[in-house]
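Q: I'd like to ask some things about the structure below.
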Amino acid sequence: DVPSSEQPELFLKKLQQCCVIFDFMDTLSDLKMKEYKRSTLNELVDYITISRGCLTEQTYPEVVRMVSCNIFRTLPPSDSNEFDPEEDEPTLEASWPHLQLVYEFFIRFLESQEFQPSIAKKYIDQKFVLQLLELFDSEDPRERDYLKTVLHRIYGKFLGLRAFIRKQINNIFLRFVYETEHFNGVAELLEILGSIINGFALPLKAEHKQFLVKVLIPLHTVRSLSLFHAQLAYCIVQFLEKDPSLTEPVIRGLMKFWPKTCSQKEVMFLGELEEILDVIEPSQFVKIQEPLFKQIAKCVSSPHFQVAERALYYWNNEYIMSLIEENSNVILPIMFSSLYRISKEHWNPAIVALVYNVLKAFMEMNSTMFDELTATYKSDRQR
């Protein structure tokens, strides 16, 4: 409510006031001051959203200082070493009533039409980004969601930080795969990477291809894959749409890390493989069809119902069917004995019905070879 000439100075004062941090673990302390800070943060959000000319050069260091004071902190350790992100409820951040508004304010700051990266880069630097990336290990999914937006905006606006951000994400993933197997924000970082990969120029740089083969493919080995698999598969498919020649190393990598004992992971691998086959070039398909269908034959023969079912669903995909038809002389001999045996012996009638459909499709595609393989299979069984 003050005259517009006094607003910039008041803005700076309110930014400084919001650097005071309160203890939210003590629910009864400083209630009035906590509420005062909350309403001040709300005012700051409104001011930066509505006002024109509010981002003077003096405001940049004060904004970054206020944001840093509030969001950068040592994250509490998990309540227990046995914390299972798939099963256990996450620990929510107690100071969220303030923290959320700080994130909201910072995003409006970064998105403001008046925002000037050339001034901000003195304060939003490599050190700032490193601290921001550490926060992605927060157990609170609400915080990780805001962090995702913040990092995305920083990546978009600060060209000089892009290579550094990619390198640090690379390091987080390598530590996660080969050392800790614990980091809460893998899905969010992969989501950011999905849109970064989308923007890569062609031809792809060697460092980007290395990242795919040395970092993204080994991420499939982690126990907690289900928490970030959708985002990981999206990144892989983005790479293959950019550069189809990467298909062979990707599929060979998936074969190398194929789960041996976890049927739930096998179903995930089969889902991802179908996403890859949806965008595969026929010229690339020919290079990997043998190892690929040897693996699919094993999956179809799996005693685990969901694995067999997921593999057999490939034959419902029109594009995959067209690739199989073009190469039936290679694929049919690989698949035949597994399919024929299951059609006679499998315990589950739903699987038997799916297998009959696949055999029928093969018979229609290549009846001569189908008859030869049937005769050979029967004579081998009689020996």
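At position 45 of the sequence shown (counting the first as 1) the number is 1238 in my numbering, and the numbers step up by one without a gap. Cβ atoms here follow ideal geometry from the backbone N, Cα and C, with glycine treated the same way.
Enumerate in chain order the residues of its own chain whose CB-to-CB distance from S1494 is below 6 Å, with the five nearest sequence positions on each side excluded.
A: Along the sequence shown, one-based indexing puts residue 1494 at 301. Once the five neighbours on either side are set aside, the close Cβ partners of S1494 are S1531.
Q: If you run the structure through DSSP and keep just helix, strand and coil, what is Y1339?
A: Residue mapping note: residue 1339 aligns to position 146 of the sequence shown, counting from 1. Note: Y1339 maps to helix in three-state DSSP.
Q: Hey, out of C1211, E1199 and F1478, whose CA is closest to E1255's CA?
A: What you label residue 1255 is simply residue 62 of the sequence shown in a count that begins at 1. Checking every option, the nearest Cα to that of E1255 belongs to C1211.
Q: Closest to L1368 by CA distance: which of T1569, T1220, V1523 and V1415 is it?
A: Taking the sequence shown and counting its residues from 1, the one referred to as residue 1368 is at position 175. Per the sequence shown, the amino acid found at residue 1368 is Arg instead of Leu. Out of T1569, T1220, V1523 and V1415, V1415 has the C-alpha closest to the C-alpha of R1368.
Q: Does the beta-carbon of L1248 have 16 or more other beta-carbons within 10 angstroms, so that it is buried, or is it exposed?
A: Sequence index remark: in the sequence shown, residue 1248 carries index 55 (1-based). Classification of L1248: buried, given that the 10 Å Cβ count is 16 or more.
Q: Label M1528 either buried or exposed according to how many other C-beta atoms from any shown protein chain fall within 10 Å of its C-beta, with 16 as the threshold for buried.
A: Residue numbering aside, residue 1528 sits at position 335 when the sequence shown is read from its first letter. Buried: at least 16 other Cβ atoms inside 10 Å.
Q: I want to know whether the stretch 1318-1327 touches the stretch 1278-1294 - three or more CB-CB distances under 8 Å.
A: Result no; under three Cβ-Cβ pairs closer than 8 Å.
Q: Between the beta-carbon of E1467 and the beta-carbon of N1510, is there less than 8 Å?
A: Locating residue 1467 in the sequence shown gives position 274, counting from the first residue. Locating residue 1510 in the sequence shown gives position 317, counting from the first residue. Contact flag set, yes.
Q: Using a Cβ-Cβ cutoff of less than 6 Å, which residues in the same chain neighbour S1311 once the five nearest sequence positions on both sides are dropped?
A: For the purposes of this step, residue 1311 is identified with residue 118 of the sequence shown, where counting begins at 1. Answer for S1311: no residue qualifies.
Q: Write down every uninterrupted run of the beta strand (DSSP E) in the stretch 1512-1576 whose length is 3 residues or greater and which is fully enclosed by it, in chain order.
A: As far as the stretch 1512-1576 is concerned, it has no whole beta strand (DSSP E) run of at least 3 residues.
Q: Mark N1364 as exposed unless 16 or more other C-beta atoms lie within 10 angstroms of its C-beta, in which case mark it buried.
A: Translated into the one-based positions of the sequence shown, residue 1364 becomes position 171. The residue in question, N1364, is exposed, as its Cβ has fewer than 16 Cβ neighbours within 10 Å.
Q: Could you tell me which of Y1533, F1421, V1295 and H1539 sits nearest to P1496, measuring between CA atoms?
A: Counted from its first residue, the sequence shown places residue 1496 at position 303. Measuring from the Cα of P1496, the nearest candidate turns out to be H1539.
Q: Ignore the nearest five residues each way along the sequence and tell me which others in S1456's own chain have a CB closer than 6 Å to its CB.
A: Numbered from its first residue, the sequence shown carries residue 1456 at position 263. If we look at S1456 and ignore the five residues flanking it on each side, its Cβ neighbours are H1497 and V1500.
Q: Rounded to whole angstroms, how far is the Cβ of V1238 from the Cβ of F1298, which I believe are closer than 8 Å?
A: Your numbering for residue 1238 matches position 45 in the sequence shown. Your numbering for residue 1298 matches position 105 in the sequence shown. Contact flag correct, Cβ pair sits at about 5 Å.
Q: At which residues does the alpha helix (DSSP H) containing Q1306 begin and terminate?
A: Translated into positions along the sequence shown, residue 1306 becomes position 113. Where Q1306 is concerned, there is no enclosing alpha helix (DSSP H), given that its DSSP letter is neither H nor E.
Q: So the alpha helix (DSSP H) V1493 belongs to, where does it begin and stop?
A: As a working mapping, residue 1493 is identified with position 300 in the sequence shown. Where V1493 is concerned, the enclosing alpha helix (DSSP H) stretches over P1475 to V1493.
Q: By the DSSP assignment, the alpha helix (DSSP H) with P1283 in it spans what residues?
A: Along the sequence shown, one-based indexing puts residue 1283 at 90. Counting along the chain, P1283 falls outside any alpha helix (DSSP H), and DSSP gives it neither H nor E.
Q: According to DSSP, is K1315 helix, strand or coil?
A: Locating residue 1315 in the sequence shown gives position 122, counting from the first residue. K1315 falls in the coil class under three-state DSSP.
Q: Between the Cα of F1555 and those of L1525, K1537, D1573 and Y1570, spot the shortest distance and give me the residue it belongs to.
A: Taking the sequence shown and counting its residues from 1, the one referred to as residue 1555 is at position 362. Considering only alpha carbons, the answer is L1525.
Q: Verify whether the separation of the beta carbon atoms of L1383 and C1428 is less than 8 Å.
A: To locate residue 1383, count along the sequence shown from 1; it is residue 190. To locate residue 1428, count along the sequence shown from 1; it is residue 235. Yes; because the gap between Cβ atoms is below 8 Å, this pair is in contact.
Q: Under the assumption that V1551 contacts L1505 (Cβ atoms under 8 Å), give the Cβ distance between them as a whole number of angstroms.
A: Residue 1551 sits at position 358 when you count from the first residue of the sequence shown. Residue 1505 sits at position 312 when you count from the first residue of the sequence shown. The pair is a contact, with the Cβ atoms about 6 Å apart (cut-off 8 Å).
Q: Do Y1296 and Y1339 come within 8 Å of each other at the CB atom, strictly closer than that value?
A: If you number the sequence shown from 1, residue 1339 lands on position 146. If you number the sequence shown from 1, residue 1296 lands on position 103. Going by C-beta atoms, Y1339 is nearer than 8 Å to Y1296.
Q: Is H1422 near F1450, with beta carbons less than 8 Å apart?
A: On the sequence shown, position 229 is the one that residue 1422 refers to. On the sequence shown, position 257 is the one that residue 1450 refers to. Not a contact, by the Cβ cut-off of 8 Å.
Q: Between the Cα of P1201 and the Cα atoms of R1245, K1225 and L1234, which residue gives the shortest distance?
A: Locating residue 1201 in the sequence shown gives position 8, where the first residue counts as 1. Of the listed residues, the one whose Cα sits closest to P1201 is R1245.
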